[in-house]
Amino acid sequence: MKRGITLLLAVVAFFFGDRIGGGVLENLLYRSPQRFPAMYSGRFDADTVVLGSSRGVMALDQPFAEEQLGKPIANISHNGMPPRIARAIFDDYLEHNRKPKRLIIEVSNVTAPTSEETVLDYKPFWDRSERLRELGQEFSPLTAAASRVTHLYRYNSEMFLRAMSYLASGNSDQASFMRMQITPELIQETEGMEPIKLTADPQEVEALRGIIDDARAAGVDVQLIYAPYLPTYAAKIENLDAFLAELSQCLGQEVHDFSRLLPDTNDFADRVHMNPTGARKFTQQLLDRGILQ
Amino acid sequence: MSYTIDVYRREIRMEPSLLRFATFIAFFPQLVAGPIVRARDFLPQLHSDHPFHWDNVVTGTGLVLAGYFKKVVVADGAALIVDRIFDQPSLQSSLGLAVGVVLYAFQIYCDFSGYSDIAIGLARVMGFEFPENFRTPYISKSFSEFWQRWHISLSSWLRDYLYIPLGGNRDGTFHTYRNLMITMLLGGLWHGADWKFVIWGGLHGMYLVVQRLIGNRWQRLRTALYIPNWLSGYISMALVFALTCLAWVFFRAHSAGEAWEIIGRIATLDGIDPGSIRNKILVAKSFFVIGLLLVAEEFNRLVPLNPLLLRSPAFCIFSFAGILWLISLLGNFGSNQFIYFQF
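So the protein lines, in turn, are chains E and Z.
With positions in the first sequence counted from 1, the corresponding number in our numbering is that position plus 17.
With positions in the second sequence counted from 1, the corresponding number in our numbering is that position plus 20.
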């Protein structure tokens, strides 16, 4: 019987520690200079906001752009972020921060449907975002329930670890680069690839249209861009022009096509991401074309 | 199979009760992936009563929790990175591939030993004792020691029903080496009809043969070079681990050809800058939890935990709560099956 009580006390100790640990981790999370804790703490004060997936994250040479513009930019893109999550994030941005003048969206994420895995990565912010919590409930009711039972579980995500690494280093993640060069093997593998056909996910297109509507309703100007691809990879996409034309038509606004902007393979870290050299050239183009202003 | 062979060899008596025999065959904790419980170990337990004991519940629960930690925290966490690396090896640098191989070594260890711990723990809660299946295999200083620590129930099964019937080490050096190679090749082939498993088994057979060939020469070299015992131990441990990892590349790769390609890429040392590793956060998390595991295993080696769990309620409460906190915070709850379910 004494052993039974010991096991019961272990369960009680678990919940007690769980609540204390959850509180401590929440406190640590919102001290992090990473983009989302900063956003949910209302620490952004930017005229331009950039939104997208990893191609949005790596698109800009942000220090260079800020130096040229003389004002800060807020990049709230994230790896694998599809438009349905991006809409929740952008609406939350408007709710917690000063309204920007311009929103730049890198739209290639429209081909990737929102998945349970991506939605759940944002669960550390469920306590501050009704929209993200609703997505979590829709994609994984079990996880939503589990995060109510154990508070530590809310912080069980790569996003939280990322925030902690930026907290430890004290650096912001606003200037993110893939500091590497594409390998000859990957270029060769890309050359041997079968042709690719891009298909937009209807729900994601709908969400993207929602972001544009929400931004316009808030008086924010929207620019849509398509970041550069490795030239050999772009050449493998058999319907790139038709895809972008159709997307522009669906969204009721032109998508600025930069997919073939950079012919030099030295500007890329892999097939779909630029390295710092490529990001600098692309940023210069955005400045020259007045998309960044 | 072992029941049939043991009865044929008259090493055990035939079980007259169909119910007991069916219970032995279908006992659920070890049914899917082991440990391989032999009739001679399990059937006698069915002939005695198993009254409920809280002590069994406490130590059994401890094993189940430790097994879940190994599975959902270490193995499934490593799987997130390992799967990405082995699915697209051409995107990785040499260092990235080497990291993937080391993580796979811990993934498969924790996946399988985690399952074994859960099975042994569940059986113990019900009052049954299963044999230990893993004993910190990566601290082995030789390959024969490795196979005394890795999947013990399979390696002892192969020894008793294959290696010894083939002649074991009774018929001279050549036959011993032949028997070792045959046993390990068949052990590899048991995992699947694929060259990669044959090569994996063949490599381990070769390691065992070469180890015997080198024999005392290493000891003599160590003495001649004045290498202290402790350093020699660490060198042997590192060497055994590295060569085990080399063999794991074949086990994990999609084909033998891809395995050679991965080994070739690692050997070229093309890209050894830590910055070239992808998913650094997840990699760091994986190495952190592997560190926790190694510390816990070393602690368990120095201070056996079961008596401590029974002696100190405070230790029991905080260690159980602690494992649950770690599982909540660091566990991966996707749909990752146990690796050995496929074999």
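Glycine residues also receive a C-beta, built at the ideal position from the N, C-alpha and C atoms.
Note to self: Taking the beta carbon of residue 107 of chain E as the centre, do at least 16 other beta carbons fall within 10 Å, making it buried, or is it exposed?
What the structure shows: When all chains shown are included, residue 107 of chain E counts as buried.
Margin query: For a test of the three-state rule: what should DSSP assign to residue 285 of chain E, helix, strand or coil?
Written below: In the structure shown, residue 285 of chain E sits in a strand (DSSP, three-state: E or B).
Next item on the list: Output, in chain order, the set of chain Z residues within a Cβ distance shorter than 7 angstroms of residue 30 of chain E.
Entry: Neighbours of residue 30 of chain E on chain Z, chain order: 337, 338, 341.
Checklist line | alpha helix (DSSP H) runs contained entirely in the segment 280 to 346 of chain Z, provided each spans 4 or more residues | finding: Listed in chain order, they are 300 to 322, 325 to 331.
Notebook entry, point to check: Residues in its own chain within less than 8 angstroms of residue 256 of chain E by CB, not counting five upstream and five downstream?
Noted result: In the same chain as residue 256 of chain E, and ignoring 5 residues on each side of it, the C-beta atoms closer than 8 angstroms to its own belong to 214, 215, in chain order.
Next item on the list: Return the residue from the list E/267, E/208, E/202, E/20 that minimises the CA-CA distance to residue 251 of chain E.
Entry: Nearest C-alpha to residue 251 of chain E: E/208.
Check: The alpha helix (DSSP H) with residue 65 of chain Z in it runs from where to where?
Finding: 59 to 66 is the extent of the alpha helix (DSSP H) around residue 65 of chain Z.
Checklist line | Limits of the beta strand (DSSP E) - the one that residue 242 of chain E falls within | finding: Secondary structure note for residue 242 of chain E: its beta strand (DSSP E) is the uninterrupted segment 238 to 243.
Checklist line | For residue 145 of chain E, three-class secondary structure by DSSP | finding: Residue 145 of chain E: coil per DSSP, three-state reduction.
Note to self: Is the beta carbon of residue 135 of chain E closer than 8 angstroms to that of residue 102 of chain E?
What the structure shows: Result yes, Cβ atoms of residue 102 of chain E and residue 135 of chain E sit closer than 8 angstroms.
Item checked: Proximal chain E residues relative to residue 295 of chain Z, where beta-carbon distance stays under 8 angstroms -> Taking a Cβ-Cβ threshold of 8 angstroms, the residues of chain E close to residue 295 of chain Z are 196, 197, in chain order.
Checklist line | For residue 120 of chain E, the three-state DSSP class (helix, strand or coil) | finding: Reduced to three states, the DSSP call for residue 120 of chain E is strand.
Next item on the list: Look up residue 68 of chain E in the DSSP assignment and give the residues it is bridged to.
Entry: Answer is E/122, bridged to residue 68 of chain E.
Check: Under 8 angstroms Cβ-Cβ, which residues of chain E neighbour residue 81 of chain Z?
Finding: Close to residue 81 of chain Z, with beta-carbon spacing below 8 angstroms, are these residues of chain E in chain order: 24.
Next item on the list: Could you name the residues of chain Z that residue 21 of chain E contacts, counting a contact when the two beta carbons are closer than 7 angstroms?
Entry: Residues of chain Z with a Cβ closer than 7 angstroms to the Cβ of residue 21 of chain E are, in chain order, 74.
Margin query: For a quick check, are the C-beta atoms of residue 50 of chain E and residue 189 of chain E less than 8 angstroms apart?
Written below: Yes; because the gap between Cβ atoms is below 8 angstroms, this pair is in contact.
Item checked: Boundaries of the beta strand (DSSP E) in which residue 91 of chain E is found, first to last residue -> That run of the beta strand (DSSP E) goes 90 to 92.
Note to self: Using a Cβ distance threshold of 8 angstroms, determine whether the segment 26 to 41 of chain E contacts the segment 156 to 174 of chain E, with at least three qualifying pairs required.
What the structure shows: Three or more pairs of CB atoms, one per stretch, sit closer than 8 angstroms, so the segment 26 to 41 of chain E contacts the segment 156 to 174 of chain E.
Checklist line | Neighbourhood of residue 83 of chain E by C-beta distance below 8 angstroms, restricted to the same chain and skipping five residues each side | finding: 89, 90, listed in sequence order.
Item checked: Through-space distance from residue 110 of chain Z to residue 202 of chain E, alpha-carbon basis -> Taking the straight line from one Cα to the other gives about 7 angstroms.
Next item on the list: State the DSSP-derived secondary structure class of residue 195 of chain Z, mapped to helix, strand or coil.
Entry: Residue 195 of chain Z falls in the helix class under three-state DSSP.
Notebook entry, point to check: Does the Cβ-Cβ distance between residue 207 of chain Z and residue 221 of chain Z come in under 8 angstroms?
Noted result: Contact: yes.
Checklist line | Inter-residue spacing [alpha-carbon to alpha-carbon] between residue 59 of chain Z and residue 48 of chain Z | finding: If I take the Cα positions, the gap works out to 15 angstroms.
Next item on the list: Measuring alpha carbon to alpha carbon, tell me which of Z/26, Z/28, Z/31, Z/62 ends up nearest residue 41 of chain Z.
Entry: Considering only alpha carbons, the answer is Z/62.
Next item on the list: Throw me the rounded Cβ distance for the residue 200 of chain Z and residue 235 of chain Z pair, which I believe falls under 8 angstroms.
Entry: The C-beta distance from residue 200 of chain Z to residue 235 of chain Z rounds to 14 angstroms, too long to fall under 8 angstroms, and the pair is not in contact.
Next item on the list: Say yes only if the C-beta of residue 324 of chain Z is nearer than 7 angstroms to one or more non-hydrogen atoms of the ligand NAP, and no if none qualify.
Entry: The ligand NAP is absent from the structure shown, which contains no ligands of any kind.
Margin query: Using only the alpha-carbon positions, how far apart do residue 126 of chain Z and residue 351 of chain Z sit?
Written below: C-alpha separation (whole angstroms): 15 angstroms.
Note to self: Check whether chain E comes within 8 angstroms of residue 351 of chain Z, counting only Cβ atoms and requiring the distance to be less than that.
What the structure shows: Chain E has a Cβ within less than 8 angstroms of the Cβ of residue 351 of chain Z.
Item checked: Cβ-Cβ distance between residue 169 of chain Z and residue 155 of chain Z below 8 angstroms -> Yes, the Cβ-Cβ distance between residue 169 of chain Z and residue 155 of chain Z is below 8 angstroms.
Next item on the list: For residue 346 of chain Z, I'd like the list of residues in its chain whose CB is within less than 7 angstroms of its CB, leaving aside the five on either flank, ordered along the chain.
Entry: Close CB contacts of residue 346 of chain Z within its chain, under the 7 angstroms cut and outside five residues either way in sequence, are with 89, 93 (chain order).
Item checked: Whole-angstrom distance between residue 228 of chain E and residue 279 of chain Z, CA atom to CA atom -> So the alpha carbons of these two residues sit roughly 46 angstroms apart.
Check: What span of residues does the beta strand (DSSP E) with residue 230 of chain Z cover, start to end?
Finding: Not the beta strand (DSSP E): residue 230 of chain Z falls in the alpha helix (DSSP H), residues 215 to 234.
Checklist line | Unbroken alpha helix (DSSP H) run spanning residue 274 of chain E, endpoints | finding: Following the DSSP letters along the chain, one finds residue 274 of chain E in no alpha helix (DSSP H) but inside the beta strand (DSSP E) bounded by residues 272 to 274.
Checklist line | Cut-off 8 angstroms between Cβ atoms - residues of its own chain near residue 303 of chain Z, not counting five sequence neighbours on either side | finding: Non-local beta-carbon contacts of residue 303 of chain Z in its own chain, meaning distances under 8 angstroms to residues more than five positions away in sequence, involve 101, 119, 123, 297 in chain order.
Notebook entry, point to check: Among Z/164, Z/333, Z/130, Z/121, which has the Cα closest to the Cα of residue 87 of chain Z?
Noted result: Of all alpha-carbon atoms in Z/164, Z/333, Z/130, Z/121, the one lying nearest the alpha-carbon of residue 87 of chain Z is that of Z/130.
Next item on the list: Please say whether residue 74 of chain E and residue 182 of chain E have beta carbons closer to each other than 8 angstroms?
Entry: Not in contact: residue 182 of chain E and residue 74 of chain E (Cβ atoms no closer than 8 angstroms).
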